[in-house]
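Same order as they appear, the protein sequences are chains A and B. Residue numbers for the first sequence follow this note's numbering, beginning at 241 and rising by one. Residue numbers for the second sequence follow this note's numbering, beginning at 241 and rising by one.
Number of protein chains: 2
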Amino acid sequence: MGEERDKTDSGPRPESTAGALIAAALEIFGRKGFDSTSTREIAAVAKTNIASISYHFGGKAGLRIACAEAFAAHIGALINSLTAHEPTSPTEAEDLLLTLIDRLASHLIGSAEMRPLVAFVLREISDGGPGIDIIYKAMIGPSHQRLCRIWALATGEDPDAEAVKIFVFSIIGQIVYFRIGTAIVTRRMGWTDIGPGEAAKIVQVLKANLRDLIAARRRLPK
Amino acid sequence: MGEERDKTDSGPRPESTAGALIAAALEIFGRKGFDSTSTREIAAVAKTNIASISYHFGGKAGLRIACAEAFAAHIGALINSLTAHEPTSPTEAEDLLLTLIDRLASHLIGSAEMRPLVAFVLREISDGGPGIDIIYKAMIGPSHQRLCRIWALATGEDPDAEAVKIFVFSIIGQIVYFRIGTAIVTRRMGWTDIGPGEAAKIVQVLKANLRDLIAARRRLPK
DNA sequence: AGAATTCAATCAAACGTTTGAAAGGTCAAA
DNA sequence: TTTGACCTTTCAAACGTTTGATTGAATTCT
Numbered sequence: 241m242g243e244e245r246d247k248t249d250s251g252p253r254p255e256s257t258a259g260a261l262i263a264a265a266l267e268i269f270g271r272k273g274f275d276s277t278s279t280r281e282i283a284a285v286a287k288t289n290i291a292s293i294s295y296h297f298g299g300k301a302g303l304r305i306a307c308a309e310a311f312a313a314h315i316g317a318l319i320n321s322l323t324a325h326e327p328t329s330p331t332e333a334e335d336l337l338l339t340l341i342d343r344l345a346s347h348l349i350g351s352a353e354m355r356p357l358v359a360f361v362l363r364e365i366s367d368g369g370p371g372i373d374i375i376y377k378a379m380i381g382p383s384h385q386r387l388c389r390i391w392a393l394a395t396g397e398d399p400d401a402e403a404v405k406i407f408v409f410s411i412i413g414q415i416v417y418f419r420i421g422t423a424i425v426t427r428r429m430g431w432t433d434i435g436p437g438e439a440a441k442i443v444q445v446l447k448a449n450l451r452d453l454i455a456a457r458r459r460l461p462k
Numbered sequence: 241m242g243e244e245r246d247k248t249d250s251g252p253r254p255e256s257t258a259g260a261l262i263a264a265a266l267e268i269f270g271r272k273g274f275d276s277t278s279t280r281e282i283a284a285v286a287k288t289n290i291a292s293i294s295y296h297f298g299g300k301a302g303l304r305i306a307c308a309e310a311f312a313a314h315i316g317a318l319i320n321s322l323t324a325h326e327p328t329s330p331t332e333a334e335d336l337l338l339t340l341i342d343r344l345a346s347h348l349i350g351s352a353e354m355r356p357l358v359a360f361v362l363r364e365i366s367d368g369g370p371g372i373d374i375i376y377k378a379m380i381g382p383s384h385q386r387l388c389r390i391w392a393l394a395t396g397e398d399p400d401a402e403a404v405k406i407f408v409f410s411i412i413g414q415i416v417y418f419r420i421g422t423a424i425v426t427r428r429m430g431w432t433d434i435g436p437g438e439a440a441k442i443v444q445v446l447k448a449n450l451r452d453l454i455a456a457r458r459r460l461p462k
């Protein structure tokens, strides 16, 4: 029973061997994919022995799940911090919506700190990996539901309507694509990469889009 | 100990070994990723010997590039067929824009025929594979540039403006996400998968979004 | 016949995992 | 305080399997 976690620190711990393995695996899994990552490379980056992976996580697959759990734990606090305030009026909901999209996009696109975590999650999703379940429950499910509620309050639509759910996904899709298709975007834009400066320009466009969409829906009577 | 193969078959199409390998690789690469796909599985699906891959394409990496080229050739005709008509007025541009998004989204999300091709391309993009160059030149570059032109005509903005380019990517991102995040979307929506029926609902939302965004931009004076 | 292609068999390298021993820590008994 | 048994953790080495690629003979086509 060698399971222990440090509650004072957020994210994977670089101190213990298990924490170092999770941190290393999270980064390499995200960058190269699960199958393309060898246990030897993970152990080397974590500065430990290969056998530690089997010892602590039962194997490579177990380490993958531990990475998803570590991400969920790390992102949980961030989600909760954004869930503190609940809007009561449509205008308040609109402001909150714009703020949330700003934060979400900045973290997803621009943040260098979040880059490995985001890469891991996106790869897990597009690969249909076993981490989807954990990630969905910890992050996507609650976030999407909440965004639907706020959007419904802002526009007067039904938060449980199919079209509203799809719409919220389309907004998220706008953001996610700039991470997935970074190689394409940078090439077309003439950028070398998407740093904070480029991310700011993108966020500006996405916020303008959302503003226009809210205005268009608000104009329609219930 | 072998099974006889009738070469004088009257099968549906007499496919060459190279063609069968490309078709098989395209499908498996798209579904499982390049590294996770073994040459043995490709050869088995293509009903040929492993050595054929090295013989025809010089190796696994060569087959990957051949897949990208095959996709580019296949998609080139489709792109050209949509590029036939050039709009002259803003309203004409708006109609064309909506039509193009409809076609693009239907092919990307709903089409069962295109599914393997789309999966391969998206994986190549997110993996930063060597096929990006071919795919960009054959499909993404021309398409994006053209969409920028049409959008600019519809709204009176500058087709070379940075914000316009980013905006067009955001529209594409809306579509792509429903392919990338199919596992997430179906789970939240309570669907089993995204077939033609679900795709139609999504396209409807995306077209409404685009309509609203055009109206909002059009309203602003030049 | 001669070139082009496909085949079974085989190669070295890399893979994830396992092994048994060594190292580190804890704690009750001496 | 010292001792020694016990448990956890780390380590080098090796395991069997699978990988992409290659070989030379067999087959097919021109």
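No residue lacks a Cβ here, since even glycine has one placed at the ideal position from N, Cα and C. Predicted, not measured: the structure shown is a model, and the values here were computed from it.
Any Cβ of chain B within less than 8 Å of the Cβ of Met429 (chain A)? yes
Alpha helix (DSSP H) containing Ala193 (chain B): first to last residue? Within the shown structure, residues of chain B are numbered from 241 to 462, placing residue 193 (chain B) beyond reach of any answer.
Straight-line gap, Thr277 (chain A) to Phe269 (chain A) (C-alpha atoms, nearest Å): 6 Å
Could you spell out where the alpha helix (DSSP H) holding Leu348 (chain B) opens and where it closes? No alpha helix (DSSP H) contains Leu348 (chain B), which DSSP labels as neither H nor E.
Run the CB neighbour count on Ser410 (chain A), radius 10 Å, all protein chains shown included, and call it buried at 16 or more, exposed below. buried
Is there a Cβ from chain B that is less than 8 Å from the Cβ of Ser383 (chain A)? no
Could you tell me the alpha carbon to alpha carbon distance between Arg343 (chain A) and Pro356 (chain A), rounded to whole angstroms? 17 Å
Cβ pair Thr288 (chain A), Leu266 (chain A) closer than 8 Å: no
Just curious, the alpha helix (DSSP H) that Met429 (chain A) is in, first and last residue? 422-429
With a threshold of 16 other CB atoms inside 10 Å of the CB of Ser366 (chain B), please say whether the residue is buried or exposed. buried
What three-state label does DSSP hand Pro327 (chain A) in the structure shown? coil
Quick check: the Cα distance between Thr339 (chain B) and Lys377 (chain B), rounded to an integer number of angstroms? The straight-line gap from Cα to Cα measures roughly 23 Å.
I'd like to know whether the C-beta of Gly242 (chain B) is nearer than 8 Å to at least one C-beta of chain A. In this prediction, Gly242 (chain B) has a pLDDT of 30, which is less than 50 and means its spatial position is unreliable; what the coordinates show is noted afterwards. No, its Cβ sits nowhere closer than 8 Å to a Cβ of chain A.
Residues in the same chain with beta-carbon distance under 7 Å from Val408 (chain B), minus the five sequence neighbours each way, listed in chain order, please. His384, Leu387, Cys388, Trp391
Assuming contact is defined by CB atoms lying nearer than 8 Å, are Val443 (chain A) and Ser346 (chain A) in contact in what I supplied? The Cβ atoms of Val443 (chain A) and Ser346 (chain A) sit closer than 8 Å to each other.
Residue of B:Phe297, B:Asp398, B:Leu393, B:Ile293 minimising C-alpha distance to Thr331 (chain B): B:Leu393
Secondary structure at Gly368 (chain A), three-state DSSP: helix, strand or coil? Under the three-state reduction of DSSP output, Gly368 (chain A) falls in the coil class, being neither helix nor strand.
Is it the case that the region 426-445 of chain A contacts the region 432-442 of chain B, given that we only count it when at least three CB pairs across the two stretches are under 8 Å? Contact fails: fewer than three Cβ-Cβ distances are below 8 Å.
Taking the straight line between their C-alpha atoms, what separation do you get for Ala283 (chain A) and Ile293 (chain A)? Put simply, the backbone Cα of Ala283 (chain A) is about 8 Å away from that of Ile293 (chain A).
Hey, would you say Ile434 (chain A) sits closer than 8 Å to Ile349 (chain A), going by beta carbons? yes
Let me know the beta strand (DSSP E) ranges lying completely inside the region 355-413 of chain B, each 3 residues or longer, listed in chain order. none
Using a C-beta cutoff of 8 Å, does Lys405 (chain A) count as contacting chain B? Closer than 8 Å to the CB of Lys405 (chain A) there is at least one CB belonging to chain B.
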